[in-house]
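The structure appears right after this line, and notes come after that.
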Amino acid sequence: MGALESDGGTYCVLWADYLIGRAPDCGLKLQHESVSWRHASLRWNGSGWELQDLASLNGTFVNDKRLENGRRALLRTGDRVRFGQDERAWLVVDADPPDAVAVALDDGQRIMPDGGLIALPSHDDPEVSIYRNADGAFVADGPEGTWCPERDEVITAGGRKFRFEPGGVVNATTGPRPSRMTPATIALELSVTRNEEQVDITIAHLGHRVALKPRAHGYLLLTLARQRIADMADETLPSSSHGWIDQDRLLKMLATTSAQLALDIYRARRQFDAAGVSDSAQLIERRTSSRELRIGVEKLSIVRE
Numbered sequence: 011m012g013a014l015e016s017d018g019g020t021y022c023v024l025w026a027d028y029l030i031g032r033a034p035d036c037g038l039k040l041q042h043e044s045v046s047w048r049h050a051s052l053r054w055n056g057s058g059w060e061l062q063d064l065a066s067l068n069g070t071f072v073n074d075k076r077l078e079n080g081r082r083a084l085l086r087t088g089d090r091v092r093f094g095q096d097e098r099a100w101l102v103v104d105a106d107p108p109d110a111v112a113v114a115l116d117d118g119q120r121i122m123p124d125g126g127l128i129a130l131p132s133h134d135d136p137e138v139s140i141y142r143n144a145d146g147a148f149v150a151d152g153p154e155g156t157w158c159p160e161r162d163e164v165i166t167a168g169g170r171k172f173r174f175e176p177g178g179v180v181n182a183t184t185g186p187r188p189s190r191m192t193p194a195t196i197a198l199e200l201s202v203t204r205n206e207e208q209v210d211i212t213i214a215h216l217g218h219r220v221a222l223k224p225r226a227h228g229y230l231l232l233t234l235a236r237q238r239i240a241d242m243a244d245e246t247l248p249s250s251s252h253g254w255i256d257q258d259r260l261l262k263m264l265a266t267t268s269a270q271l272a273l274d275i276y277r278a279r280r281q282f283d284a285a286g287v288s289d290s291a292q293l294i295e296r297r298t299s300s301r302e303l304r305i306g307v308e309k310l311s312i313v314r315e
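Just so you know, we're using our numbering here: the sequence shown kicks off at 11 and counts up by one.
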C-alpha cells in the first residue's frame, strides 16, 4: 500500500483520501508554523497517488518544485515532497494502491487488515471479518451470515459502527503459484484422538511439513474436512459441490453458536496465516448466496489415533 517516509525515519501508511496539515483530522500532522491547517491532500485516483496543494500559504513541493495552487501532481516511488518551509522531506517509498480499511464512526479509529483480515470491532474481539475472496471481491463474514460489503457501507459490530473503505483495485490472480503455500496448494493431514478431544493438524507442501499447535477450532476443520472427503467419494457430485454444509446444520453438529463459529473461523484463518499460508481467508470458503461453507483445502487426509 502507499507510504511516505521522512528523512528522520517516520513512516506513514496512506489511505485512499489522506490529508496533510496541522488539523486534528489530518493523517499526516505537521506542527511547523509554516504548514497550513489543511495544507495538502493525497488521493488514490484509481491508478496512482495524486498530491494537491490546498491553497496553502507557503506551498507544497515535489522534488523541490512548487506545485501551483489546486494543481495535482502524480507521485511515483522515489519522489520527495515537502510542505511549507518545513525542511523535513518525505520520500514516496511505496506507490501501491491503498489497502482496505474500516473507519469507526465514533472516534475515527481505522482498522487495517492483519493477515488479510479486517476484524471488527477489533482483532482481539472479532465479531465480523472482512477479506477478499478468490475472485478479488470483498466478503464480510459474521454471525448473521455472509455478504459483499459496498464502498462506504456502515457495518455494526460489537455495538460500534464502522464505515468500510475498499481501498484500491486489486486484480484477481490467474491461479495459485505452486511455490506459494495457499489453501489451494497445500495438503492437510488431520489426526484425531479416539475420544475426539484433540485434533492435530499438519500442513504439507512441496516436501515440507508444518505441525500446528492444537486449538479448539481444530474440530471445526475436522468436521468440514470429513464432509468434503465424503462428497469427494460420491462420483455423482461435481467437484464444485464437494464439502458444502449449511451453517445451521454445522452449528448443530458442533453444538455451538453462530458467534462462536465466526470466532473459530477467524482464529483458524489467523493460525494458518501465522504458519505462512497466503490467502488464508480461503481456508474456509463461504457462499454469499446461501448460508453454506466448506473447507477450502482439497487435499485432505484423516487418521484416528
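Virtual Cβ for every residue (Gly too), placed ideally from N, Cα, C.
Tell me the rounded alpha-carbon separation between Ala235 and Gln119. 38 Å
Shorter than 7 Å, the distance from the beta carbon of Thr246 to the closest heavy atom of the ligand MG, or not? The ligand MG is absent from the structure shown, which contains no ligands of any kind.
Environment of Ile30 [buried if 16+ CB atoms lie within 10 Å]: buried
For the region 237-247 against the region 306-313, do three or more pairs of beta-carbon atoms, one drawn from each stretch, fall closer than 8 Å, so that the two count as touching? yes
With DSSP collapsed to three states, give me the class of Asp274. helix
Just the C-alpha distance for Ser300 and Asp256, rounded to the nearest angstrom, thanks. 8 Å
Could you round the C-beta distance between Ala272 and Glu137 to whole angstroms and report it? I think they count as a contact, below 8 Å. 7 Å
Measure the alpha-carbon distance for Trp47 versus Arg32 and round it to whole angstroms. Straight-line Cα distance between these residues: approximately 5 Å.
Going by DSSP, name the residue or residues bridged to Thr156. Asp151
Looking at C-alpha atoms only, which residue of Tyr276, Ala278, Glu207, Gly168 is the closest neighbour of Leu115? Gly168
Within 8 Å, strictly: CB atoms of Pro176 and Phe148: yes
Rounded straight-line distance, which links the Cα of Gly12 to that of Arg173: Between Arg173 and Gly12, the alpha-carbon positions lie close to 20 Å from each other.
Cβ atoms of Ala99 and Arg86: under 8 Å apart, would you say? no
Backbone CA spacing between Ala221 and His215 [nearest angstrom]: 12 Å
Whole-angstrom C-beta distance between Thr156 and Arg296, which should lie under 8 Å: 4 Å
How is Val241 classed by DSSP in three states: helix, strand or coil? First, the amino acid is wrong: residue 241 is Asp here, not Val. Reduced to three states, the DSSP call for Asp241 is helix.
CB contact flag (Leu130, Ala112, <8 Å): yes
Limits of the unbroken alpha helix (DSSP H) element including Gln119: Per DSSP, Gln119 belongs to no alpha helix (DSSP H) and is neither H nor E.
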